[in-house]
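If you count the sequence shown from 1, position 1 lands on 204 in this note's numbering, and the numbers rise without skipping.
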Amino acid sequence: MAAHLRRRYEAGFVTDIDSEIVPPGLNEEVIRLISAKKEEPEWLTDWRLAAYRHWLTMTPPDWAHLQIDPIDFQAIS
Numbered sequence: 204m205a206a207h208l209r210r211r212y213e214a215g216f217v218t219d220i221d222s223e224i225v226p227p228g229l230n231e232e233v234i235r236l237i238s239a240k241k242e243e244p245e246w247l248t249d250w251r252l253a254a255y256r257h258w259l260t261m262t263p264p265d266w267a268h269l270q271i272d273p274i275d276f277q278a279i280s
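This is how it looks when you write it as structure tokens:
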């Protein structure tokens, strides 16, 4: 199986997908960019921004008593 997976793809099928890379991190500029790319109405952008601002005030839950590293949301793209 491993040898098969390492083989070069030979079927010739290609799917071109437009993509745009957003810099790592989440901020109001990124939210506005994503909303604009999706051609969302202004009220939805405002709603997303309000939700983001509220999210910034929140702390991660501690109810599960898990020993996990905190998520670095600013490293995600």
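The beta-carbon is built from N, C-alpha and C at its ideal position, and this holds for glycine as well.
What residue range does the alpha helix (DSSP H) around residue i cover?
i, result
"leucine 236", "231-240"
"tryptophan 250", "245-260"
"histidine 207", "205-209"
Could you check the C-alpha separation between residue i and residue j for me, to the nearest Å?
i, j, result
"glutamate 242", "isoleucine 279", "23 angstroms"
"glycine 215", "leucine 259", "46 angstroms"
From the options, pick the residue whose C-alpha is nearest to that of residue i; which is it?
i, options, result
"glutamate 231", "Thr248, Trp266, Arg210, Tyr212", "Thr248"
Here's a check: name, in chain order, each residue in its chain whose Cβ is nearer than 7 angstroms to the Cβ of residue i, leaving out the five neighbours to either side.
i, result
"proline 226", "Ser280"
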